[in-house]
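Structure, as structure tokens:
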């Protein structure tokens with residue numbers, strides 16, 4: 001019960017269609033298992049409701065509510081944050097777990113369109129900035145809080161498409177800024193850098209976009225992972241998020257934590 005009585009707003013609590021479980025849903029389920037009270041926010045209310053159903057029936061959720069919000073709209077994010085504050089009177093954890101690349105028509109530097117770049121930036125970066133804008137006054141008021149963001153090893157590794165790369169690199173810098181500017185208020189901010197994972201968004205989306213069997217995409221990704229030549233799962237990300245959200249990480253802020261099976265060990269910085 002490492003999150004007993006903690007109030008968490010998890011943005012991106014549903015998941016993409018496909019096999020297995022995604023990062024957002026896995027994180028909701030782990031937080032529920034550890035005693036958190038959760039506002040499960042997603043663009044798809046149906047997907048958020050399914051996450052809540054699983055959390056209640058299989059993971060012993062104490063209290064969890066679905067909430068629909070489009071991260072491209074500041075008003076939606078402000079309303080979600082306000083709803084959590086109204087319902088519980090505080091917010092202990094904000095976890096921003098939303099991202100898009102292939103499905104947002106990301107492309108190389110010579111092929112990227114304005115529409116794709118703007119859309120991916122709105123979802124991956126601007127939505128996070130706006131969610132934090134509205135949660136920070138609450139956390140400053142209570143003089144405590146944890147903000148978790150999800151970047152990617154693509155922030156540092158070679159990656160062919162520009163919008164995802166740029167936004168995930170920006171997420172690292174933005175989270176570090178959050179950490180140092182809000183340390184005086186007792187607020188911690190850290191970012192996760194997932195590597196190659198076997199999730200619906202990562203594998204099924206690529207299989208569909210590139211016209212390949214899912215098994216082929218998964219095998220190609222497995223072969224690129226140093227640790228046991230096997231991708232990680234959403235549970236690896238969820239467990240890392242749980243640690244950083246818990247009091248066990250009470251003296252950790254401003255870090256970028258790779259969850260990547262050793263991928264970034266190959267990068268000299």
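In full-length UniProt numbering, the protein residues as written are 1 to 269. For every residue, glycine included, the Cβ atom is placed at its ideal position computed from N, Cα and C. It should be emphasised that the depicted structure is a prediction, and the values quoted were computed from it without experimental measurement.
Measuring CA to CA, which of the options is closest to residue i?
i	options	result
residue 122	167, 25, 7, 209	167
residue 260	136, 196, 171	196
residue 318	113, 140, 64, 250	Residue 318 is absent from the structure shown; the chain starts at 1 and stops at 269.
residue 44	172, 23, 67	67
residue 188	13, 42, 247, 36	247
residue 170	226, 127, 236	127
residue 155	124, 217, 42	124
Do residue i and residue j have their CB atoms nearer than 8 angstroms?
i	j	result
residue 85	residue 76	no
residue 27	residue 238	yes
residue 90	residue 138	yes
residue 13	residue 20	no
residue 255	residue 18	no
residue 7	residue 88	yes
residue 264	residue 153	yes
residue 146	residue 92	yes
For residue i, which residues of its own chain have a beta-carbon under 6 angstroms away from its beta-carbon, when the five flanking residues on both sides are left out?
i	result
residue 186	143, 144
residue 249	243
residue 29	55, 59
For the alpha helix (DSSP H) that contains residue i, what are its first and last residues?
i	result
residue 137	127-142
residue 188	No alpha helix (DSSP H) contains residue 188, which is instead part of the beta strand (DSSP E) from 187-194.
residue 24	23-33
residue 65	Careful: residue 65 lies outside any alpha helix (DSSP H), inside the beta strand (DSSP E) at 63-68.
residue 10	No alpha helix (DSSP H) holds residue 10; the beta strand (DSSP E) holding it covers 7-11.
residue 242	234-245
Return the chain-ordered list of same chain residues with a C-beta closer than 7 angstroms to the C-beta of residue i, the five sequence neighbours on each side being excluded.
i	result
residue 241	27, 95, 148, 192
residue 176	254
residue 74	130
residue 1	34, 35
In the DSSP assignment, the beta strand (DSSP E) including residue i goes from what residue to what residue?
i	result
residue 58	Here residue 58 belongs to no beta strand (DSSP E); instead the alpha helix (DSSP H) covers 45-58.
residue 42	37-42
residue 147	145-150
residue 96	93-96
Within the same chain, show all residues whose beta-carbon is closer than 8 angstroms to that of residue i, passing over the 5 residues directly before and after it, in chain order.
i	result
residue 79	69
| Are the segment 117-133 and the segment 88-106 touching, with three or more C-beta to C-beta distances below 8 angstroms? | yes
| request: Decide if the segment 94-101 is in contact with the segment 44-54; the criterion is three or more beta carbon pairs, one per stretch, under 8 angstroms apart. | output: no
| query | So, do the segment 127-136 and the segment 57-67 have three or more beta carbon pairs nearer to each other than 8 angstroms? | reply | no
| message | I want to know whether the segment 214-234 touches the segment 198-206 - three or more CB-CB distances under 8 angstroms. | response | yes
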